[in-house]
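Visitor:
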Amino acid sequence: MGSRGWNRCLALELLLLSLSLLAISIQGHLVHMTVVSGSNVSLNISESLPENYKQLTWFYTFDQKIVEWDSGKSKYFESKFKGRIRLDPQSGALYISKVQKEDNSTYIMRVLKKDGYEQEWKIKLQVLDPVPKPVIKIEKREDVDDNCYLKLSCVIPGESVNYTWYGELPKEIQNSVLETTFKPHKHSRCYTCQVSNSVSSKNGTFCFSPPCTMARSFGVEWIASWLVITVPIILGLLLI
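For the sequence shown, numbering that gives the first Met the number 0 assigns the number 0 to the initial residue and increments by one for each residue that follows.
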């Protein structure tokens, strides 16, 4: 083979190598989805499927098949999704009903094309429960000048959520605990704790009247710890 022939072969090999690298970069696409538990979900790619593909397979993990379409028929494999999934061969969409947190995973769709090449898409599904109703723990302390010191704790046990306090505050407080001072002869104040995640949010509101009296509450379960009697008063009683 002459030098021209070797050059042509080398150019062809470089072209094939560049095409294979392009296919790998396409396969690296990853879509993120966050949904609420109990909902129905459609896992679908944003582009059209290859024309007249030979085979389509959805995976729950890298080696666990959920459903496979081949030769005009869909085969559903034994898995925890049995009875909860449906495949649309035209769009490639995988429909899952009543998703739960246990369904969290990176789902993989592989398509075998007519030319024998395989194309892959990935969808990372995160399922979150709706946030529960907040529980607010209230602690207060009064001094001899009728100043009211409040500590409000907004807690969602066992949940990873975001906390935000609203009310007569210099700025929003991104914390589960709010501490503030209630001066005497001031008007009533209300404080709202919002708990939220990516799919839901719930609020709880407490209102206080001077000097240190709970006025009303909305949408919360509450636990109160009242520390009304101060140390100077106790000492005064002991000296009588």
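All C-beta atoms, glycine included, are put in the ideal place defined by N, C-alpha and C.
Pull up the DSSP beta-bridge partners for Glu119, would you.
Guide: Bridge partners of Glu119: Arg109.
Visitor: Can you tell me the Cα-Cα spacing of Asn51 and Ser104, whole angstroms?
Guide: The alpha-carbon atoms of Asn51 and Ser104 are separated by roughly 29 Å.
Visitor: Taking the alpha-carbon positions, what's the Asn196 to Val154 distance?
Guide: Each residue's alpha carbon lies about 14 Å from the other.
Visitor: Over the uninterrupted beta strand (DSSP E) stretch that includes Ile65, give me the two end residues.
Guide: Lys64 to Asp69 is the extent of the beta strand (DSSP E) around Ile65.
Visitor: Excluding five sequence neighbours on each side, which residues of the same chain lie with their C-beta closer than 6 Å to the C-beta of Asn161?
Guide: Ser195, listed in sequence order.
Visitor: Give the DSSP-derived three-state secondary structure of Val50 in the structure shown.
Guide: Here residue 50 is Glu; the residue named in the question, Val, does not match the sequence. Coil.
Visitor: Between the stretch 61-73 and the stretch 113-130, are three or more C-beta pairs nearer than 8 Å?
Guide: Because the criterion of three Cβ pairs below 8 Å is not met, the stretch 61-73 and the stretch 113-130 do not touch.
Visitor: Between which two residues does the beta strand (DSSP E) harbouring Cys192 extend?
Guide: First-last of the beta strand (DSSP E) with Cys192: Arg188 to Ser195.
Visitor: Per the DSSP calculation, Glu141 is bridged to which residue(s)?
Guide: Beta-bridge pairing links Glu141 to Cys147.
Visitor: Hey, quick one: how far does the beta strand (DSSP E) through Lys170 stretch, first residue to last?
Guide: Counting along the chain, Lys170 falls outside any beta strand (DSSP E), and DSSP gives it neither H nor E.
Visitor: Look at the alpha carbon of Val143 and the alpha carbon of Thr212, and state the distance between them as a whole number of angstroms.
Guide: About 16 Å.
Visitor: Name the two residues that bound the continuous beta strand (DSSP E) containing Gly91.
Guide: Neither: Gly91 is in no beta strand (DSSP E) and is coded neither H nor E.
Visitor: According to DSSP, simplified to helix, strand and coil, what is Ile23?
Guide: Note on Ile23: pLDDT 31, under 50, position unreliable in the model; the coordinate value appears next. Ile23: helix per DSSP, three-state reduction.
Visitor: In its own chain, which residues sit with a C-beta less than 6 Å from the C-beta of Asp69, not counting the 5 before and 5 after it?
Guide: If we look at Asp69 and ignore the five residues flanking it on each side, its Cβ neighbours are Gln54.
Visitor: Compare the beta carbon distance of Met108 and Ile44 with 8 Å and say whether it is the shorter of the two.
Guide: Yes, these two residues count as a Cβ contact at 8 Å.
Visitor: DSSP beta-bridge partners for Gln125?
Guide: According to DSSP, Gln125 bridges with Thr33.
Visitor: For the beta strand (DSSP E) that Tyr75 lies in, which residues bound it at each end?
Guide: Lys72 to Tyr75 is the span of the beta strand (DSSP E), which, as asked, contains Tyr75.
Visitor: With a CB to CB cut of under 8 Å and the five nearest residues on each side skipped, what residues in its chain are close to Gly37?
Guide: If we look at Gly37 and ignore the five residues flanking it on each side, its Cβ neighbours are Lys97, Val98 and Gln99.
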